[in-house]
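Input: a single structure, listed below in structure tokens.
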Amino acid sequence: MEITPSILTADFCRLGETIDEALDAGIGWLHMDVMDGNWVVNRTITFGPALIKSVRERVGPEVFIDCHLMITNAEETWEQYANAGVDLVIAHLEAVEDFPKLISEMHESGVKSGCVINPDTPIDGILPFLSELDLVLVMSVVPGKGGQSFIPQVEGKVRSLREAIDFQIENGGRETKLMIDGGIKDHNAALVAGWGIDVAVVGSGLINNQAPIGENLASITNSLEI
Ligand code: DX5
Ligand code: ZN
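Numbering (the numbering used here), first residue to last: 9 to 234.
This is how it looks when you write it as structure tokens:
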């Protein structure tokens, strides 16, 4: 299971150094949480395309960057994030009217396309276009901030999506990645790996005041080997 850091708990004045520290520790995928002060329940604003563009320029072309859009108008604005240099745009099923149209527009522009669902959203809405998606993300916290507690009740949805994706791959279809986001730490990383997660987003479990990123990452990866 690959680990990607959410930078929400970083000191934004030191963001460049923090990202360098993550890359030095072996991270090859960055997760950028975009909130527009409107869509998430707590009305938080995080950052937009300008910051993502600076991150892309700093890390160069080799690092994989996704953006998780927790915004009202992803259908009109996703291109700004693609132009800022992300590899993969992840939009919320709950916030988009015509998801298949969004996916084909993204693919036409050459960016990968992901769909994310909240902890209480069923997977049924995704299944009709699963074969077109490069990634499916299951939220294991209610989106809005880092440092929240993991919601274990998403297990059933993750396992069903794993089965559907495996069936798709076995039949020669797209290798859609399965991601989880929210409350993942060294004590539950092995649990979600066992559910069949390909990529886990880790925010406060990686970027915190307790230990350097390298040490936090090592305790997560060690927990996966036991
Ligand atoms: C929540 C974000 C997550 C979150 C991850 O709205 O999408 O990426 O900040 O942070 P932790 O791992 O601290 O829950
Ligand atoms: Zn996220």
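Yeah, the Cβ is synthetic: ideal placement off N, Cα and C, and Gly gets one too.
* Would you report the Cα separation of residue 199 and residue 116, rounded to the nearest angstrom? -> Indexing the sequence shown from 1 puts residue 199 at position 191. Indexing the sequence shown from 1 puts residue 116 at position 108. Here the C-alpha atom of residue 199 lies approximately 37 Å from the C-alpha atom of residue 116.
* **Exposure of residue 234, with buried meaning 16 or more beta-carbon neighbours within 10 Å** => Walking along the sequence shown from the start, residue 234 turns up at place 226. By the 10 Å Cβ count, residue 234 comes out exposed.
* Heavy atom of the ligand DX5 less than 7 Å from the Cβ of residue 78, yes or no? -> The residue labelled residue 78 in the question sits at position 70 within the sequence shown. Indeed, a heavy atom of the ligand DX5 lies less than 7 Å from the Cβ.
* Asked: If we ignore side chains and look at the alpha-carbon of each, how far apart do residue 31 and residue 229 end up?
  -> Along the sequence shown, one-based indexing puts residue 31 at 23. Along the sequence shown, one-based indexing puts residue 229 at 221. If you draw a straight line from the Cα of residue 31 to the Cα of residue 229, it is about 15 Å long.
* To do: Using a threshold of 8 Å, state whether the C-beta atoms of residue 50 and residue 152 are closer than that.
  => Start at 1 with the first residue of the sequence shown, and residue 50 comes out as number 42. Start at 1 with the first residue of the sequence shown, and residue 152 comes out as number 144. Closer than 8 Å, so yes.
* Any heavy atom of the ligand DX5 closer than 7 Å to the Cβ of residue 122? -> One-based indexing of the sequence shown puts residue 122 at position 114. No.
* Cutoff 7 Å; reference residue 163; Cβ partners in own chain excluding five residues on either side -> For the purposes of this step, residue 163 is identified with residue 155 of the sequence shown, where counting begins at 1. Once the five neighbours on either side are set aside, the close Cβ partners of residue 163 are 203.
* Asked: Should the segment 11-19 be called in touch with the segment 204-215, which here means at least 3 C-beta pairs below 8 Å?
  -> Result yes; three or more Cβ-Cβ pairs closer than 8 Å.
* For residue 99, the nearest candidate out of 36, 41, 210 (CA to CA) -> Residue numbering aside, residue 99 sits at position 91 when the sequence shown is read from its first letter. Selected option, being the one with the closest Cα: 41.
* Using the beta-carbon count (16 or more within 10 Å), is residue 225 buried or exposed? -> What you label residue 225 is simply residue 217 of the sequence shown in a count that begins at 1. Buried is the label assigned to residue 225, since at least 16 other Cβ atoms lie within 10 Å of its Cβ.
* Can you find a heavy atom of the ligand ZN that lies under 7 Å from the Cβ of residue 237? -> Because the chain here runs from 9 to 234, residue 237 falls outside it and cannot be looked at.
* Asked: When DSSP builds the beta bridges, which residues end up paired with residue 10?
  -> Position 2 of the sequence shown, counting from 1, holds the residue named residue 10. BP columns for residue 10 point to 207.
* To do: Identify whether residue 185 lies in helix, strand or coil by the three-state DSSP scheme.
  => Here residue 185 corresponds to residue number 177 of the sequence shown, with the count starting at 1. Shown here, residue 185 sits in a strand according to DSSP, grouped into three states.
* Asked: Can residue 56 be considered in contact with the ligand DX5, in the sense that its beta carbon sits closer than 7 Å to one or more heavy atoms?
  -> Sequence index remark: in the sequence shown, residue 56 carries index 48 (1-based). No, Cβ of residue 56 sits at least 7 Å from all heavy atoms of the ligand DX5.
* Assigned secondary structure, residue 193 (DSSP; H/G/I helix, E/B strand, else coil) -> Translated into positions along the sequence shown, residue 193 becomes position 185. If DSSP states are grouped into helix, strand and coil, residue 193 belongs with coil.
* To do: Could you tell me which residues DSSP pairs with residue 99 in its beta bridges?
  => Sequence index remark: in the sequence shown, residue 99 carries index 91 (1-based). Its beta-bridge partners are 77, 123.
* Are there three or more Cβ pairs, one per stretch, closer than 8 Å when the segment 78-87 is compared with the segment 135-149? -> Under the Cβ criterion (8 Å, minimum of three pairs), the segment 78-87 does not count as touching the segment 135-149.
* Asked: Just to check, is the beta-carbon of residue 14 closer than 7 Å to a non-hydrogen atom of the ligand ZN?
  -> What you label residue 14 is simply residue 6 of the sequence shown in a count that begins at 1. Flag set: Cβ of residue 14 near the ligand ZN.
* Exposed or buried, what is residue 64 when buried is set at 16 or more other beta-carbons lying within 10 Å of its beta-carbon? -> On the sequence shown, residue 64 is found 56 positions in, with the first residue counted as 1. Around the Cβ of residue 64, a 10 Å sphere holds 16 or more other Cβ atoms; the residue is buried.
* To do: Flag residue 45 as yes when its Cβ comes closer than 7 Å to any non-hydrogen atom of the ligand DX5, and as no otherwise.
  => The residue given as residue 45 occupies position 37 in the sequence shown. No - the ligand DX5 has no heavy atom lying nearer than 7 Å to the Cβ of residue 45.
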